[in-house]
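Asker: Handing you this structure, nothing more for now.
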Amino acid sequence: MRFIHMADVHLGAVPDAGFSWSEERRRDIWDTFRNCIDDCSRRQVDLLLIAGDLFHRQPSPQQLREVNYLFSTIPDTRIVLMAGNHDFITPSSPYLTFPFSPNVSGLFSDQIECLRFPEIHTDVYGCSYSRQEIREPLYDDVEPLNSRNFKILLAHGGDDRHIPIRPDRLARSGFDYVALGHIHRPDILLKNKAAYSGAPEPTDAGDTGRHGYILGEVKNGHLSIRFVPKAKREYHRAQIMCSEADTTYSLRDKITACIRKNGDKDIYHFTLTGNHRPGIRFDTARLMECGRIVDIEDQTGMAFHPEQLRREYEGQLIGRYIESFDGQDRGEVQKKALQYGLEALLATRKDNPEQ
Numbered sequence: 005m006r007f008i009h010m011a012d013v014h015l016g017a018v019p020d021a022g023f024s025w026s027e028e029r030r031r032d033i034w035d036t037f038r039n040c041i042d043d044c045s046r047r048q049v050d051l052l053l054i055a056g057d058l059f060h061r062q063p064s065p066q067q068l069r070e071v072n073y074l075f076s077t078i079p080d081t082r083i084v085l086m087a088g089n090h091d092f093i094t095p096s097s098p099y100l101t102f103p104f105s106p107n108v109s110g111l112f113s114d115q116i117e118c119l120r121f122p123e124i125h126t127d128v129y130g131c132s133y134s135r136q137e138i139r140e141p142l143y144d145d146v147e148p149l150n151s152r153n154f155k156i157l158l159a160h161g162g163d164d165r166h167i168p169i170r171p172d173r174l175a176r177s178g179f180d181y182v183a184l185g186h187i188h189r190p191d192i193l194l195k196n197k198a199a200y201s202g203a204p205e206p207t208d209a210g211d212t213g214r215h216g217y218i219l220g221e222v223k224n225g226h227l228s229i230r231f232v233p234k235a236k237r238e239y240h241r242a243q244i245m246c247s248e249a250d251t252t253y254s255l256r257d258k259i260t261a262c263i264r265k266n267g268d269k270d271i272y273h274f275t276l277t278g279n280h281r282p283g284i285r286f287d288t289a290r291l292m293e294c295g296r297i298v299d300i301e302d303q304t305g306m307a308f309h310p311e312q313l314r315r316e317y318e319g320q321l322i323g324r325y326i327e328s329f330d331g332q333d334r335g336e337v338q339k340k341a342l343q344y345g346l347e348a349l350l351a352t353r354k355d356n357p358e359q
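This is how it looks when you write it as structure tokens:
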């Protein structure tokens with residue numbers, strides 16, 4: 005028996021709202037989901053497991069029709085889905101009344117239930133969210149019924165507000181595999197036993213790293229799983245080291261080189277570190293033009309050269325401020341007072357940003 009385990013697709017999400025590529029990211033989520041469905045056919049997958057949050061919020065009838073069409077293109081694959089904390093089941097949820105394709109089964113109750121697929125010797129257990137937050141550890145005491153079938157628990161959670169997950173309890177639960185959702189990065193909790201598939205496509209700048217699904221295969225009663233990357237793009241967090249010699253243009257070159265190295269279709273959050281020359285301000289708006297960049301965080305500090313500043317600003321407020329410390333024992337407190345004062349005075353100067 006071969007299966008694909010995926011979760012947290014978040015169809016309908018619009019990542020990076022306000023940026024020029026945001027609509028493209030919305031389409032990426034749908035396109036990657038379709039690619040995953042195509043893989044079910046290409047890999048001759050018997051079972052597709054979707055561990056919650058297929059949709060970013062309550063699905064519309066149109067969204068369900070689009071998804072159901074894709075499900076109908078893999079009639080030989082049995083599909084089991086549950087609702088997570090984003091697309092949770094309400095009394096009027098369209099999940100409950102939509103006429104899904106015959107190969108689709110939903111675990112839409114808020115109580116653990118079991119679906120049996122004798123033709124592939126597999127039982128799938130799980131339940132759906134009926135509200136956005138569930139703080140009880142619902143999976144701690146779940147045990148499968150006595151059966152010779154391969155037993156899977158489809159589960160969504162992993163933090164204090166969304167069904168806390170305890171790996172030691174899962175290890176003793178009696179399930180052959182626990183297919184987890186809610187955490188957007190792939191993670192193996194228990195080797196060939198319990199795993200987060202992560203989201204197929206990242207949905208915000210915090211979703212760094214690779215994204216895709218878990219491919220599992222049961223042979224002679226033994227399970228092996230592996231992660232399959234599928235995302236069109238990745239989010240990267242990168243640091244740019246600055247020196248006193250740097251200008252806005254030199255930083256543009258550094259950022260451009262970083263993007264070229266890691267992928268110009270990907271999306272970046274940069275942090276500027278190191279020191280900058282006194283009086284300089286980097287034009288972060290110009291730096292943001294280098295590519296798909298969601299933020300540039302300037303954590304640089306001023307290179308501290310008080311004697312040089314005294315000469316440069318002799319007779320001016322900054323020069324007189326430095327002179328006011330003459331004759332004082334420059335301990336750590338005095339040094340900090342001098343530094344912070346100079347930084348404040350230099351920040352108020354009306355120089356144009358360094359080009």
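Residues in the sequence shown are numbered from 5 upward in steps of one, following the numbering used here. For glycine and all other residues, C-beta sits at the position ideal for the given N, C-alpha and C. In this text the structure is predicted, and so the values were computed from the model without any measurement.
What did DSSP end up calling tyrosine 239 once you bin it into helix, strand or coil?
Answerer: Working through the sequence shown from its first residue, we reach residue 239 at position 235. Looking at tyrosine 239 - three-state DSSP - the assignment turns out to be strand.
Asker: How would you label glycine 335, buried or exposed, when you count the other beta carbons within 10 angstroms and need 16 or more for buried?
Answerer: As a first step, residue 335 must be located in the sequence shown, where it is residue number 331. By the neighbour-count rule (16 or more Cβ atoms within 10 Å), glycine 335 is not buried but exposed.
Asker: For arginine 315 and chain D, any beta-carbon pair shorter than 9 Å?
Answerer: Included in the structure is just one protein chain, with no chain D present.
Asker: Just to confirm the assignment, what range does the alpha helix (DSSP H) spanning aspartate 257 have?
Answerer: Within the sequence shown, the letter at position 253 stands for residue 257. For aspartate 257, the enclosing alpha helix (DSSP H) stretches over residues 252-266.
Asker: Would you call the segment 64-75 and the segment 91-103 touching, i.e. three or more CB-CB distances under 8 Å?
Answerer: yes
Asker: Give me, in chain order, the residues of the same chain whose beta-carbon lies closer than 6 Å to that of aspartate 250; leave out the 5 immediate sequence neighbours on both sides.
Answerer: Here the question's residue 250 lines up with position 246 in the sequence shown. Nothing listed; no residue qualifies.
Asker: Under the rule that 16 or more other beta-carbon atoms within 10 Å means buried, what is aspartate 155, buried or exposed?
Answerer: Position 151 of the sequence shown, counted from the start, is the residue given in the question as residue 155. Before going on, a small fix: residue 155 reads as lysine here, not aspartate. Buried, since its Cβ has 16 or more Cβ neighbours within 10 Å.
Asker: With a cut-off of 8 Å, do at least 3 Cβ pairs link the segment 119-133 to the segment 8-24?
Answerer: no
Asker: For my contact list, aspartate 211 and alanine 203 are in at a C-beta cut-off of 8 Å; report their separation, rounded to the angstrom.
Answerer: For the purposes of this step, residue 211 is taken as residue 207 along the sequence shown, with counting starting at 1. For the purposes of this step, residue 203 is taken as residue 199 along the sequence shown, with counting starting at 1. Right, the Cβ-Cβ distance comes to about 6 Å (below 8 Å), so this counts as a contact.
Asker: Closest to arginine 285 by CA distance: which of Glu318, Leu350 and Asp80 is it?
Answerer: The residue you call residue 285 lines up with position 281 of the sequence shown. With distances taken between Cα atoms, arginine 285 lies closest to Leu350.
Asker: Does the beta-carbon distance from methionine 245 to glycine 295 come in below 9 Å?
Answerer: Looking up residue 245 in the sequence shown gives position 241. Looking up residue 295 in the sequence shown gives position 291. No.
Asker: By the DSSP assignment, the alpha helix (DSSP H) with threonine 304 in it spans what residues?
Answerer: For the purposes of this step, residue 304 is identified with residue 300 of the sequence shown, where counting begins at 1. Threonine 304 -> no alpha helix (DSSP H), and no H or E assigned at all.
Asker: What number of angstroms, rounded off, separates the C-alpha of alanine 159 from the C-alpha of lysine 195?
Answerer: For the purposes of this step, residue 159 is identified with residue 155 of the sequence shown, where counting begins at 1. For the purposes of this step, residue 195 is identified with residue 191 of the sequence shown, where counting begins at 1. Whole-angstrom Cα-Cα distance: 17 Å.
Asker: If you run the structure through DSSP and keep just helix, strand and coil, what is methionine 10?
Answerer: The count along the sequence shown starts at 1 and reaches residue 10 at position 6. Reduced to three states, the DSSP call for methionine 10 is strand.
Asker: Can you tell me where the beta strand (DSSP E) with leucine 58 in it begins and where it stops?
Answerer: For the purposes of this step, residue 58 is taken as the residue at position 54 of the sequence shown. Element bounds for leucine 58: n/a, residue is neither H nor E.
Asker: Using only alpha-carbon positions, find the residue among Ile297, Glu28 and Leu53 that is nearest to arginine 82.
Answerer: As a working note, residue 82 is residue 78 in the sequence shown. Among Ile297, Glu28 and Leu53, the Cα nearest to that of arginine 82 belongs to Leu53.
Asker: With distance defined between alpha-carbon atoms, name the residue in Ser97, Arg61, Ser134 and Arg46 nearest to proline 79.
Answerer: Indexing the sequence shown from 1 puts residue 79 at position 75. Measuring from the Cα of proline 79, the nearest candidate turns out to be Arg46.
Asker: Taking the continuous alpha helix (DSSP H) assigned at threonine 126, which residues delimit it?
Answerer: As a working mapping, residue 126 is identified with position 122 in the sequence shown. Taken as a continuous stretch (DSSP letters only), threonine 126 belongs to no alpha helix (DSSP H), being part of the beta strand (DSSP E) at 126-130.
Asker: With distances taken from CA atoms, which of His240, Lys197, Asp20 and Ile297 is nearest glycine 213?
Answerer: Taking the sequence shown and counting its residues from 1, one reaches residue 213 at position 209. Comparing Cα positions, the closest option is His240.
Asker: Is the segment 213-232 touching the segment 255-269 in the sense that three or more CB pairs, one from each, lie closer than 8 Å?
Answerer: By the criterion of at least three beta-carbon pairs nearer than 8 Å, the segment 255-269 is not in contact with the segment 213-232.
Asker: Just tell me which of Asp50, Tyr133, Gln48 and Phe75 has its CA closest to the CA of glycine 88.
Answerer: For the purposes of this step, residue 88 is identified with residue 84 of the sequence shown, where counting begins at 1. Taking only the C-alpha atoms, the option nearest glycine 88 is Tyr133.
Asker: Taking its Cβ as the centre, do 16 or more other Cβ atoms sit within 10 Å of proline 19, making it buried, or is it exposed?
Answerer: For the purposes of this step, residue 19 is identified with residue 15 of the sequence shown, where counting begins at 1. Here proline 19 is buried, its C-beta having at least 16 other C-beta atoms within 10 Å.
Asker: Where glycine 16 and aspartate 208 are concerned, what is the direct C-alpha to C-alpha distance, given to the nearest angstrom?
Answerer: Taking the sequence shown and counting its residues from 1, the one referred to as residue 16 is at position 12. Taking the sequence shown and counting its residues from 1, the one referred to as residue 208 is at position 204. The straight-line gap from Cα to Cα measures roughly 13 Å.
Asker: Please determine, among Ala21, Gln303, Asn266 and Leu193, the residue with the shortest C-alpha to C-alpha distance to serine 4.
Answerer: Outside the shown range of the chain (5 to 359) lies residue 4, about which nothing can therefore be said.
Asker: Do the CB positions of methionine 86 and leucine 51 come within less than 9 Å of each other?
Answerer: Start at 1 with the first residue of the sequence shown, and residue 86 comes out as number 82. Start at 1 with the first residue of the sequence shown, and residue 51 comes out as number 47. No, they are not a contact pair.
Asker: What separation, rounded to the nearest whole angstrom, lies between the Cα atoms of histidine 280 and leucine 313?
Answerer: Here the question's residue 280 lines up with position 276 in the sequence shown. Here the question's residue 313 lines up with position 309 in the sequence shown. Rounded to the nearest angstrom, the two C-alpha atoms are 14 Å apart.
Asker: So, are the CB atoms of proline 148 and glycine 185 less than 9 Å apart?
Answerer: Translated into the one-based positions of the sequence shown, residue 148 becomes position 144. Translated into the one-based positions of the sequence shown, residue 185 becomes position 181. Going by C-beta atoms, proline 148 is not nearer than 9 Å to glycine 185.
Asker: What does the alpha-carbon distance come out to for the pair leucine 219 and asparagine 153?
Answerer: For the purposes of this step, residue 219 is taken as the residue at position 215 of the sequence shown. For the purposes of this step, residue 153 is taken as the residue at position 149 of the sequence shown. Distance between the alpha carbons of leucine 219 and asparagine 153 is about 19 Å.
Asker: From glutamate 123 to lysine 265, what distance separates their C-alpha atoms?
Answerer: For the purposes of this step, residue 123 is taken as residue 119 along the sequence shown, with counting starting at 1. For the purposes of this step, residue 265 is taken as residue 261 along the sequence shown, with counting starting at 1. If I take the Cα positions, the gap works out to 48 Å.
Asker: Would you give the residue range spanned by the beta strand (DSSP E) that lysine 339 belongs to?
Answerer: Residue 339 sits at position 335 when you count from the first residue of the sequence shown. That residue, lysine 339, is in no beta strand (DSSP E); its alpha helix (DSSP H) goes 336-352.
Asker: Can tyrosine 99 be considered in contact with the ligand MG, in the sense that its beta carbon sits closer than 8 Å to one or more heavy atoms?
Answerer: Ligands in the displayed structure: none, and consequently the ligand MG is not present.
Asker: Write down every uninterrupted run of the beta strand (DSSP E) in the segment 48-110 whose length is 3 residues or greater and which is fully enclosed by it, in chain order.
Answerer: 51-55, 82-86 and 108-110
Asker: Is glutamate 364 helix, strand or coil by DSSP?
Answerer: Past the boundaries of the shown model lies residue 364; the chain is included only from 5 to 359, so the question cannot be answered.
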